[in-house]
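Trainee: In my numbering, the protein residues as written are 210 to 477. Quick reminder that beta carbons are idealized off the backbone N, C-alpha and C, glycines included.
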Amino acid sequence: MPGLPEVETVRRTILPHVVGRRIVRVDVRETRLRRPIAPDFAHRLVGRRIHGVARRAKYLVLDVGDGLLWIVHLGMSGRFCVGEPPGDLPHVHVVVDLEAGGRLYFRDPRRFGLMLLARDERDLGIVGVEPLEAEFSPHFLWQTTRRHRRTSIKSLLMDQRRIAGLGNIYANEALFAAGIRPTRRSGKLTRAESERLVGAVREVLERAIASRGSSLLDYRDADGNEGEFQRLLAVYERDGEPCRRCGEPIKRGVTTGRSTFYCPRCQR
DNA sequence: AACGCGCCCTGTCCGC
DNA sequence: TGCGGACAGGGCGCGT
Numbered sequence: 210m211p212g213l214p215e216v217e218t219v220r221r222t223i224l225p226h227v228v229g230r231r232i233v234r235v236d237v238r239e240t241r242l243r244r245p246i247a248p249d250f251a252h253r254l255v256g257r258r259i260h261g262v263a264r265r266a267k268y269l270v271l272d273v274g275d276g277l278l279w280i281v282h283l284g285m286s287g288r289f290c291v292g293e294p295p296g297d298l299p300h301v302h303v304v305v306d307l308e309a310g311g312r313l314y315f316r317d318p319r320r321f322g323l324m325l326l327a328r329d330e331r332d333l334g335i336v337g338v339e340p341l342e343a344e345f346s347p348h349f350l351w352q353t354t355r356r357h358r359r360t361s362i363k364s365l366l367m368d369q370r371r372i373a374g375l376g377n378i379y380a381n382e383a384l385f386a387a388g389i390r391p392t393r394r395s396g397k398l399t400r401a402e403s404e405r406l407v408g409a410v411r412e413v414l415e416r417a418i419a420s421r422g423s424s425l426l427d428y429r430d431a432d433g434n435e436g437e438f439q440r441l442l443a444v445y446e447r448d449g450e451p452c453r454r455c456g457e458p459i460k461r462g463v464t465t466g467r468s469t470f471y472c473p474r475c476q477r
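(1) Keeping to the same chain, check which residues put their C-beta closer than 6 Å to that of Phe315; ignore five residues upstream and five downstream.
(2) Which word fits Leu426, buried or exposed, when buried means at least 16 other C-beta atoms lie within 10 angstroms of its C-beta?
(3) Which stretch, first to last residue, makes up the beta strand (DSSP E) that contains His302?
(4) If you drop the 5 nearest sequence neighbours on each side, which residues of the same chain put their C-beta closer than 6 Å to that of Pro391?
(5) Just to confirm, are Trp279 and Leu341 a CB contact at a threshold of 7 Å?
(6) Let me know the secondary structure DSSP gives Leu277 once reduced to three states.
(7) Out of curiosity, what's the CA-to-CA distance linking Asn381 and Arg400?
(8) Hey, Val235 and Arg257: beta-carbon distance below 7 Å or not?
(9) By DSSP, does His348 sit in helix, in strand, or in coil?
(10) To the nearest angstrom, how far is the alpha carbon of Tyr445 from that of Ser361?
(11) May I have the straight-line CA-CA distance separating Thr222 from Val262, to the nearest angstrom?
(12) Let me confirm a value: Val227 is counted as buried when at least 16 other C-beta atoms fall within 10 Å, else exposed. Which label applies?
(13) Leaving aside the five residues before and after Gly337 along the sequence, list all residues of the same chain whose C-beta is less than 6 Å from its C-beta, in chain order.
(14) Check whether the Cβ atoms of Arg264 and Val216 sit closer than 7 Å, and answer yes or no.
(15) Specify the secondary structure class of Ile232 as computed by DSSP and reduced to three states.
(16) Using DSSP's beta-bridge definition, name the partner residues of His282.
(17) Our contact map puts Ile259 next to Arg230 with C-beta atoms below 8 Å; I'd like the distance itself, whole angstroms only.
(18) Per DSSP, what are the beta-bridge partners of Asp448 in this structure?
(19) In the DSSP output, what is Ser468 paired with across the bridge?
(20) For my contact list, Glu344 and Val270 are in at a C-beta cut-off of 8 Å; report their separation, rounded to the angstrom.
(21) What are the boundary residues of the alpha helix (DSSP H) that includes Val313?
(22) Comparing alpha-carbon positions, which option in Met367, Phe250, Val255 lies nearest Glu308?
Here is the structure:
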């Protein structure tokens with residue numbers, strides 16, 4: 210469910226509730242996530258203080274001191290919430306009590322999420338560049354398209370080994386904003402288009418973060434609030450509806466197994 | 001090597 | 001109303 214803007218929104222929402230607080234109890238109710246939660250997870254976390262909350266790609270990285278990192282990934286259906294989970298709420302896999310009555314819980318019906326402790330975020334094996342950092346430059350993108358000429362530009366944008374954090378919604382939206390058809394072979398991108406696309410990715414992500422993410426089915430931030438960006442989506446899940454720019458009906462297709470939306474007139 | 005596909009899992013929606 | 005199938009925002013392992 211959550212893409213980079215949603216994860217960034219969750220990071221900002223939990224921050225004031227957790228920073229500086231000590232973890233007093235960890236209740237692991239279900240270990241079977243994408244990878245099993247380690248048997249010593251709770252034991253290692255209890256008693257530690259949360260010093261900060263960072264984000265790397267779509268991963269939340271909580272600094273719990275002594276170089277130890279508490280890593281949380283929300284997968285497709287994960288939520289990381291502040292407060293008491295309703296007693297009858299299913300799929301609440303982890304509950305963390307903080308000192309002075311604060312509480313966090315992790316809920317993930319599909320169990321594609323991840324919860325682990327690591328010494329180094331490099332243990333996650335994320336090698337792609339952050340799309341909101343300077344390293345994601347027009348030159349970088351153009352060079353990447355020259356190394357992977359045959360794949361579609363949308364697959365390349367979503368390949369976490371190259372660019373880490375861009376998911377299906379925002380790849381579609383950025384390609385619309387840049388006027389590039391998602392199925393275009395990467396090798397056919399011009400330098401000018403690479404530059405436009407980098408700008409479009411940045412702008413789309415920043416606008417989505419400013420709107421606190423997109424709530425399509427059931428995304429909520431850690432305080433339970435919906436995002437607003439779904440109302441501003443130009444193409445995602447708008448197949449058959451008129452393009453906001455030219456009025457042409459938005460088309461839907463499938464690229465490398467994922468739904469792809471584009472305007473046949475604005476995107477070439 | 002690099003790419004695309006299928007799978008992990010539950011919930012929802014749609015057509016019959 | 002019930003049921004089967006398609007699909008969902010992510011990521012990984014495998015086969016080609």
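Mentor: Let me lay it out:
(1) One-based indexing of the first sequence puts residue 315 at position 106. Within the same chain, Phe315 has close Cβ partners Phe289, His302, Val303.
(2) As a working note, residue 426 is residue 217 in the first sequence. It counts as exposed.
(3) Numbered from its first residue, the first sequence carries residue 302 at position 93. First-last of the beta strand (DSSP E) with His302: 301 to 307.
(4) Within the first sequence, the letter at position 182 stands for residue 391. Cβ neighbours of Pro391 beyond the five flanking positions: Lys363, Leu384, Thr464, Thr469, Tyr471.
(5) Locating residue 279 in the first sequence gives position 70, counting from the first residue. Locating residue 341 in the first sequence gives position 132, counting from the first residue. No, they are not a contact pair.
(6) On the first sequence, residue 277 is found 68 positions in, with the first residue counted as 1. Judged by DSSP in its simplified three-state form, Leu277 adopts coil rather than helix or strand.
(7) To locate residue 381, count along the first sequence from 1; it is residue 172. To locate residue 400, count along the first sequence from 1; it is residue 191. The alpha-carbon atoms of Asn381 and Arg400 are separated by roughly 20 Å.
(8) Stepping through the first sequence from its first residue, residue 235 is reached at position 26. Stepping through the first sequence from its first residue, residue 257 is reached at position 48. Taking the C-beta atoms as reference points, Arg257 is found no nearer than 7 Å to Val235.
(9) Locating residue 348 in the first sequence gives position 139, counting from the first residue. Per DSSP, reduced to three states, the secondary structure at His348 is helical.
(10) Here residue 445 is taken as the residue at index 236 of the first sequence, counted from 1. Here residue 361 is taken as the residue at index 152 of the first sequence, counted from 1. Our two residues, Tyr445 and Ser361, have alpha carbons roughly 18 Å apart in a direct line.
(11) On the first sequence, residue 222 is found 13 positions in, with the first residue counted as 1. On the first sequence, residue 262 is found 53 positions in, with the first residue counted as 1. Going from the Cα of Thr222 to the Cα of Val262 covers about 10 Å.
(12) Indexing the first sequence from 1 puts residue 227 at position 18. Val227 should be labelled buried.
(13) Start at 1 with the first residue of the first sequence, and residue 337 comes out as number 128. These residues qualify, in order along the chain: Gln369, Arg370, Arg371, Ile372, Ala373.
(14) If you number the first sequence from 1, residue 264 lands on position 55. If you number the first sequence from 1, residue 216 lands on position 7. In this structure, Arg264 lies near Val216, with their beta-carbon atoms less than 7 Å apart.
(15) Numbered from its first residue, the first sequence carries residue 232 at position 23. Strand at Ile232.
(16) Mapped onto the first sequence, residue 282 falls at position 73. Residue pairing by DSSP places His282 opposite Tyr268, Leu323 in a beta bridge.
(17) The residue you call residue 259 lines up with position 50 of the first sequence. The residue you call residue 230 lines up with position 21 of the first sequence. Distance from Ile259 to Arg230 at the Cβ level is roughly 6 Å; contact confirmed, criterion being Cβ atoms closer than 8 Å.
(18) In the first sequence, the residue the question calls residue 448 occupies position 239. In the DSSP output, where bridge partners are listed per residue, Asp448 has Ile459.
(19) Position 259 of the first sequence, counting from 1, holds the residue named residue 468. Residue pairing from DSSP places Ser468 in a beta bridge opposite Val463.
(20) Here residue 344 refers to the residue found at position 135 when the first sequence is read from its first residue. Here residue 270 refers to the residue found at position 61 when the first sequence is read from its first residue. Actually they do not touch by this definition, with Cβ atoms about 18 Å apart.
(21) Looking up residue 313 in the first sequence gives position 104. According to the sequence provided, residue 313 is Leu. The question's Val does not apply to it. According to the DSSP assignment, Leu313 belongs to no alpha helix (DSSP H) but to the beta strand (DSSP E) extending over 312 to 316.
(22) Mapped onto the first sequence, residue 308 falls at position 99. Taking only the C-alpha atoms, the option nearest Glu308 is Val255.
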